[in-house]
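Taking the working numbering, the leading residue of the sequence shown gets 14, the next gets one more, and so forth.
We treat Cβ as the ideally placed atom computed from N, Cα and C, and that holds for glycine.
Presented below is the structure to which this report refers.
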Amino acid sequence: MKTFLYILFLCCLPVCSFAEMIQDIEWSDLIPRQYQDADPVASLTEEERQQVEWNIYLRQNPESKIDKRNQAFLDEMTAALPQLEKKGIDVDKIIAGRQMQKTALNEELNGKRVRLGGYLLPLEQTGKEIREFLLVPYVGACIHVPPPPPNQIVHGISEKPITYAMDDMFKPVAATGRLRAKSGRKSLFLRDGASDVEIGYVMEVEAVEKYTKP
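Here it is in structure tokens:
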């Protein structure tokens, strides 16, 4: 009799108590903790910071994009490199660290059910229905301004069609689903052509709703 009552008690427990909890996350959570530290140039003097940033700019941009009218200033910035190295300021290390911060994925969230707020960009659309989209952290990303880093873009895939109108891209949404840390590339079709976008995560979407602050 006791066994029967115990089984009956278990059956009466709310089903939700056994369900996997949904974790509300922020975009910063998609970056591994070790890369969430402050920018290494933040502790430098204004002069050192300027020298570092200009040397990074010179290394990452082709000569054709550099304004030669400022050549004397640029030479001065380049000449500062030996002094930076003597102070233990490694420009190459700073560049590598920033690159890792952009591409590193948070494996702790891999396979977790999460809810994330952002802005939806359709990848494929039939009428007013979509099944695939990009979720980005701020309005206009990938359209009016360059795309965010790969670990700040989520590729959403939904089995059920989602109703979507063009002006919805300016309205924040909350996407809920199972997150996978998986790098890739998707083509985003814009009015002036297609653009390849690097992504860091894939979400098996369960729901897309109007965003409300937790």
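Per-residue burial, residue i [other beta carbons within 10 Å of its own, 16 or more giving buried]
i: V210; result: buried
i: D88; result: exposed
i: G124; result: exposed
i: Y70; result: exposed
i: E33; result: exposed
Backbone CA spacing between residue i and residue j [nearest angstrom]
i: G35; j: K195; result: The sequence as given places Ile at residue 35; Gly does not occur at that position. In a straight line, the C-alpha of I35 is about 20 Å away from that of K195.
i: Q138; j: V221; result: 15 Å
i: A93; j: D52; result: 20 Å
i: F31; j: R126; result: In this prediction, F31 has a pLDDT of 46, which is less than 50 and means its spatial position is unreliable; nothing more can be read from the coordinates.
i: Y224; j: I44; result: 22 Å
i: K99; j: Y214; result: 40 Å
i: M5; j: K226; result: This structure cannot speak to residue 5, because the chain is shown only from 14 to 227.
i: G130; j: I166; result: 12 Å
i: A207; j: L136; result: 10 Å
i: A117; j: Q49; result: 11 Å
i: Q112; j: E121; result: 20 Å
Range covered by the alpha helix (DSSP H) that runs through residue i
i: Q165; result: First-last for Q165: undefined, no H or E at that position.
i: G131; result: Looking at the DSSP string, G131 is not in any alpha helix (DSSP H); the run it does join, the beta strand (DSSP E), is 126-139.
i: V65; result: 59-73
i: V158; result: Here V158 belongs to no alpha helix (DSSP H), and DSSP marks it neither H nor E.
Bounding residues of the beta strand (DSSP E) (the contiguous stretch that carries residue i)
i: D37; result: 36-38
i: I143; result: 142-149
Expected contact under 8 Å - CB spacing of residue i and residue j to nearest Å
i: P161; j: A154; result: 5 Å
i: R198; j: I212; result: 7 Å
i: R72; j: I108; result: 7 Å
i: S171; j: R144; result: 5 Å
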